[in-house]
Amino acid sequence: MTTSPHSSMETHPDIVDMRARHEMAERATATPRAQAVETMALLTGLYLAASPWIAGFNGLSRLAVTNLIVGIAYALLMSGGFGRAYERTHSMAWAACALGAWTIVAPWVVAGDVSTTRSIVNNIIVGAIALLLALAASAAAREPRSAGSNRMR
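According to our numbering, the sequence shown is numbered sequentially starting from 2.
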């Protein structure tokens, strides 16, 4: 039987790759730009959830409930509480883009007869902001990955 030197588990390619992805994710979320986008997105989601009562269209119960649910979902997706891996961050940002787009069209789809201008204007403005923040988060999630892959080559 021959003896061969055993390599350390720390040098295993999967461990090295996992460590590199974790370090890239930490660098991406530690930038002031990423923190600003995350904070503004959290505030946007919380405002969207409370907007029926703030803007005064809570009489439209289906739209109020929709804004509450979508706002909470958006805040949770964009706050970064579910993970820091690029694959998840990028996917969550695209899901948040869908929520922003849904917020824009929700007054017509959910409420049917939307006779208040406040609900339409509120949802269009908040939906556009949510969509732009989600696109910024998606772009931020992709930047370090491409920079890191270029460095590896």
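Glycine residues also receive a C-beta, built at the ideal position from the N, C-alpha and C atoms. Bear in mind that the values here come from a model prediction, so they are computed numbers and not experimental data.
Buried or exposed, going by whether 16 or more other CB atoms sit within 10 Å of the CB of residue i?
| i | result |
| --- | --- |
| THR32 | exposed |
| MET93 | buried |
| TRP54 | exposed |
| PRO108 | buried |
| GLU39 | buried |
| THR67 | buried |
| SER52 | buried |
| SER139 | buried |
| ALA21 | exposed |
Whose C-alpha, out of the options, is nearest the C-alpha of residue i?
| i | options | result |
| --- | --- | --- |
| ASN59 | ALA131, LEU132 and ILE121 | ILE121 |
| LEU132 | ALA76, ILE16 and ARG119 | ALA76 |
| ILE125 | THR45, ARG20, ARG34 and MET10 | THR45 |
| LEU64 | ALA74, LEU78 and LEU49 | LEU49 |
| MET41 | ILE130, ALA140 and VAL111 | ILE130 |
| THR118 | THR67, ALA56 and LEU136 | ALA56 |
| ILE69 | VAL111, ALA35, GLN36 and THR12 | The sequence given here places Leu at residue 69; Ile does not occur at that position. Ranking the options by Cα distance to LEU69, first place goes to VAL111. |
| MET79 | ASN123, SER62 and ALA141 | ALA141 |
| ALA137 | CYS98, MET19 and VAL127 | CYS98 |
| ALA135 | ASN123, LEU43 and MET19 | LEU43 |
Looking only at its own chain, which residues have a Cβ that is under 7 angstroms from the Cβ of residue i, when we skip the five neighbours before and after it?
| i | result |
| --- | --- |
| VAL71 | LEU49, LEU100, TRP103 and THR104 |
| ALA96 | LEU78 |
| MET10 | ILE16 |
| VAL127 | THR45, TYR48, LEU49, SER52 and THR104 |
Among the residues of its own chain, which have a CB less than 6 angstroms from the CB of residue i, if the five just before and after it don't count?
| i | result |
| --- | --- |
| ILE73 | ALA50 |
Beta-carbon of residue i versus every beta-carbon of chain D: anything under 9 angstroms?
| i | result |
| --- | --- |
| GLU11 | Structure shown: chain D not included; a single protein chain is present. |
Going residue by residue through the region 42-102, where are the continuous alpha helix (DSSP H) segments of at least 4 residues, counting only ones entirely within it?
62-79
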